[in-house]
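Colleague:
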Amino acid sequence: LSETLDLGLHLMDHQLLDSEERRCGNVDDLALEGGPGEKLEVVAILSGPGAWRQRAGLVGRVAAWIGGGDVVRIPWAEVAGVAAHVKLRKRAQELGLGRGDDRLRPLIEKIPGADR
Amino acid sequence: MKIFQVALGILAAIGGFVDIGDLVFNVAAGATFGYQLLWVVVIGVIGIIVYSEMCGRVAAVSGKAVFDTVRERVGFKTGLLALIAAQVVNLLTLTAEIGGVAICLQLLSGLPYRWLIVIAGVVLLVVVWVTAFEWIERIFGYGGLCLLVFAVAAVKLHPTWGAVGHGFVPHMETQSPLLYAFFAVGLLGAAMTPYEVYFYSSGGVEEQWGPKDLGLNKVNAMIGYALGGFLSFALMIVGGSLFLEEGIEPEFLGTIAMGAEVPLGQIGLLLALVGILFAVSGAAIDTLFSGAYNLAQFLGWEWGRYRHPRGAPRFTVTWLVLLVLALGVVMTGVDPVQLTEYAVIFSAVALPLTYIPILLVANDRTYMREYTNGRLANTLGLIYLVVILIIALTAIPLMIVTNVGQN
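The listed protein sequences correspond, in order, to chains A and B.
105 is the number that the working numbering gives the last residue of the first sequence; the numbers go up by one with no jumps.
424 is the number that the working numbering gives the last residue of the second sequence; the numbers go up by one with no jumps.
1. Apply the 10 Å Cβ neighbour rule to E(-8)/A and answer buried if 16 or more other Cβ atoms are within range, or exposed otherwise.
2. Quick check on DSSP: helix, strand or coil for P414/B?
3. Assuming V57/B and L164/B form a contact by the criterion Cβ under 8 Å, report the distance between their Cβ atoms to the nearest whole angstrom.
4. Return helix, strand or coil for Q123/B, following the three-state DSSP convention.
5. At the 8 Å Cβ level, is R88/B part of the contact set with chain A, yes or no?
6. By how many angstroms is the C-alpha of S249/B removed from the C-alpha of F50/B?
7. How should H74/A be labelled, buried or exposed, when 16 other C-beta atoms within 10 angstroms of its C-beta is the threshold for buried?
8. Between the stretch 319 to 334 of chain B and the stretch 84 to 92 of chain A, do three or more beta carbon pairs fall short of 8 Å?
9. Would you list the one or two residues that DSSP bridges to E30/A?
10. Give the range of the beta strand (DSSP E) segment to which Q4/A is assigned.
11. Any idea if N420/B is buried or exposed, counting beta-carbon neighbours within 10 angstroms, 16 or more meaning buried?
12. Taking just the CA atoms, how far does F42/B sit from L368/B?
13. By Cβ distance below 7 Å, which residues in the same chain neighbour F185/B in space, the five residues on each side in sequence not counted?
14. Does the beta carbon of F216/B come closer than 8 Å to any beta carbon on chain A?
15. Compare the Cα-Cα distances from L290/B to each of D36/B, Q22/B, L28/B and report the closest residue.
16. Does the Cβ-Cβ distance between E114/B and A300/B come in under 8 Å?
17. For F93/B, which residues in chain D fall below 8 Å Cβ to Cβ?
18. Beta strand (DSSP E) containing V68/A: first to last residue?
19. Using a beta-carbon distance below 8 Å, is R88/A in contact with chain B?
20. With DSSP as the reference, label K76/A as helix, strand or coil.
21. Does E83/A come within less than 8 Å of chain B when only Cβ atoms are used?
22. Could you have a look at I100/A and say whether DSSP puts it in helix, strand or coil?
23. Using a Cβ cut-off of 9 Å, pull out every chain B residue sitting near E98/A, in sequence order please.
24. Taking all protein chains shown into account, do 16 or more other C-beta atoms lie within 10 angstroms of the C-beta of L(-6)/A, making it buried, or fewer, making it exposed?
25. Hey, does G220/B have any beta-carbon neighbour from chain A nearer than 8 Å?
26. Runs of 3 residues minimum, wholly inside the stretch 117 to 167 of chain B: which ones carry the beta strand (DSSP E) assignment?
27. Would you identify the three-state DSSP class for P228/B, choosing helix, strand or coil?
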């Protein structure tokens, strides 16, 4: 039970940071594996609005719909470490994370002074 | 050099403490109850010091700002409700502050109000776009120091100092205890507005604080806010010794500025208006950023002025949208002072969901290591939690029975 609690308290809903310290989503859900009597194992982190559907009833479904419903699956092997934030081994783009920011960037870049 | 920088930070904190909520509630409380409610301001100021220090420490040690902790501690569902409540209150406050900016500009220039709303919006946009984070805080904090004119005005109005002193002792001499309670809740809500901790904690991350900055955090929160509290006293004393005597209800920002004009003449009026202008402009930027911080933190987006607009596009678009929304609401001609009253009362309701997660994370040894809350921070934190719960539960009923302080 204590391990489950730790996941809930120190992994779920935490900030994901890519290998370059870029904020690129939250731990919105976890994929666990293990049959009856076996040890449960975290095999992946799920991140993105689609994961909210199972988390908050109708409110969650509405929020997921507004957010576009994407879910990105990050295999546990890509996790470099869990401290205050969850650090990943690769860049956000390689993992399919932070796409919302990447899509808007070309627009913002057109405004003078966007890099100061 | 270090001391010089610390002093600059404190000056900015003093000037940045007062916003339109403090202006409206302190002067109105003085005009209604004289100096009787000064003790409530003391309680409010200690409260904001306790929680600012705590969330600044959490930010410095763990890199987490308020809505990171909200999401982690209360989960997605309750966190989402907290986010919606915070964003509504924040937008109300932002709108009131921008309205305040336009009113000050109008009193200073005499140009049409709606033109000045547009000018205010454009100026705020440009300042935020071109200025580095620490300078935004400083420019408006230093300008806000002009509000010290109210301290001079308070002395010049020759209040009965015995009565002022008596105001720091909790007591109630009134036929309308509910109105007294309404103002008490409003003063606490104005002193402990949630956006202050959103902004303070995110600001710690913006300035890339680490454990070595904990001393700076303590000094900024304690001295900056305590001295900022003095401005609140001054405002209430002006309200009590001028407006109460004359039977004036300060319904307009211009009336509040008159509090400095009566004892000090034109120069007093000018300093008061410039001080109010900078204070509410600074608060407008704080609330603008707070709205974007909250959303980005809750959703895990990249955020912060220090990342530059290019590095944090969704964060940037969020504050741009919030600015446009608020300008649109101000354009409808709503009265900023009335809006402020609602914003402060509703923010009192949103307080517990902001402060409880901070208190929990500040006690989490996993991230906070040797910097977890000490006994003093926890004792005060818990006492204030009770205070906050009481004001959250009573704020709206009191607003209704007193007709927003009008009876």
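By construction, the Cβ of each residue, glycine as well, lies at the ideal position given by its N, Cα and C atoms.
Modeller: In this structure, then:
1. Residue confidence is low: E(-8)/A scores 45 on pLDDT, short of 50, so the model does not pin down where it sits. No coordinate-derived value is stated.
2. helix
3. Incorrect: roughly 20 Å between the Cβ atoms, too far for contact.
4. helix
5. yes
6. 15 Å
7. buried
8. yes
9. E22/A
10. 4 to 6
11. exposed
12. 18 Å
13. L55, W56, V59
14. no
15. D36/B
16. yes
17. Note that chain D does not occur in the displayed structure, where the protein chains are A and B.
18. 68 to 71
19. no
20. strand
21. no
22. coil
23. P326, R327, P330
24. Only weak support is given to the placement of L(-6)/A: the predicted model assigns it a pLDDT of 46, under 50, and the question is left unresolved by the model.
25. no
26. none
27. helix
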